[in-house]
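> Residue numbers (the numbering used here): 219 to 351. Can you keep this structure in mind? I'll have questions shortly.
Have a look at this one:
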């Protein structure tokens, strides 16, 4: 009889680790440049500028200097994290994301934090399993 494991039928940890994991509590600076934020999310800066145009209600107040350089604060990064989750991870269309944000504001934040906690628990369990071997 085969022993069941918590780790059966889970995607490899490399796939999970490849997704950007941004811990908002570890953000130390007041503002981050668009290049820094793009690196955090592992996307191009042009995608962030595109999302700024597509979601003006959520990202319309991104600070810009006289030259036009964008600077993101912690709240902007949290908003981007939500958009990234809906568009890249849940695979919603832009219109679907807008509708989802309109109708499920609280649910979006709860889903995102639940998913982050589950990823942390899983990585802890995988580490624990490797130590037991």
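We treat Cβ as the ideally placed atom computed from N, Cα and C, and that holds for glycine.
Taking a contact to mean a Cβ-Cβ separation below 8 angstroms, would you say residue 302 touches residue 259 in this structure?
As a first step, residue 302 is located in the chain shown; it is residue number 84 there, counting from the start. As a first step, residue 259 is located in the chain shown; it is residue number 41 there, counting from the start. Yes, Cβ-Cβ distance for residue 302 and residue 259 is below 8 angstroms.
> Are the beta-carbon atoms belonging to residue 315 and residue 333 less than 8 angstroms from one another?
Counted from its first residue, the chain shown places residue 315 at position 97. Counted from its first residue, the chain shown places residue 333 at position 115. Going by C-beta atoms, residue 315 is not nearer than 8 angstroms to residue 333.
> For residue 343, does the count of other Cβ atoms within 10 angstroms reach 16, so buried, or fall short, so exposed?
In the chain shown, counting from the first residue as 1, residue 343 sits at position 125. By the 10 Å Cβ count, residue 343 comes out exposed.
> Residue 290 lies in the beta strand (DSSP E); which residues open and close that run?
Taking the first residue of the chain shown as 1, we reach residue 290 at position 72. Its beta strand (DSSP E) spans residues 288-290.
> May I have the straight-line CA-CA distance separating residue 281 from residue 265, to the nearest angstrom?
In the chain shown, counting from the first residue as 1, residue 281 sits at position 63. In the chain shown, counting from the first residue as 1, residue 265 sits at position 47. C-alpha separation (whole angstroms): 17 angstroms.
> Identify whether residue 315 lies in helix, strand or coil by the three-state DSSP scheme.
For the purposes of this step, residue 315 is taken as the residue at position 97 of the chain shown. Three-state DSSP puts residue 315 in a helix.
> Quick check on residue 280: does DSSP put it in helix, strand or coil?
Your numbering for residue 280 matches position 62 in the chain shown. Residue state, collapsed to three classes: coil.
> What do you get for residue 307, buried or exposed, if any count of 16 or more other CB atoms within 10 angstroms of its CB means buried?
In the chain shown, the residue the question calls residue 307 occupies position 89. Residue 307 comes out exposed.
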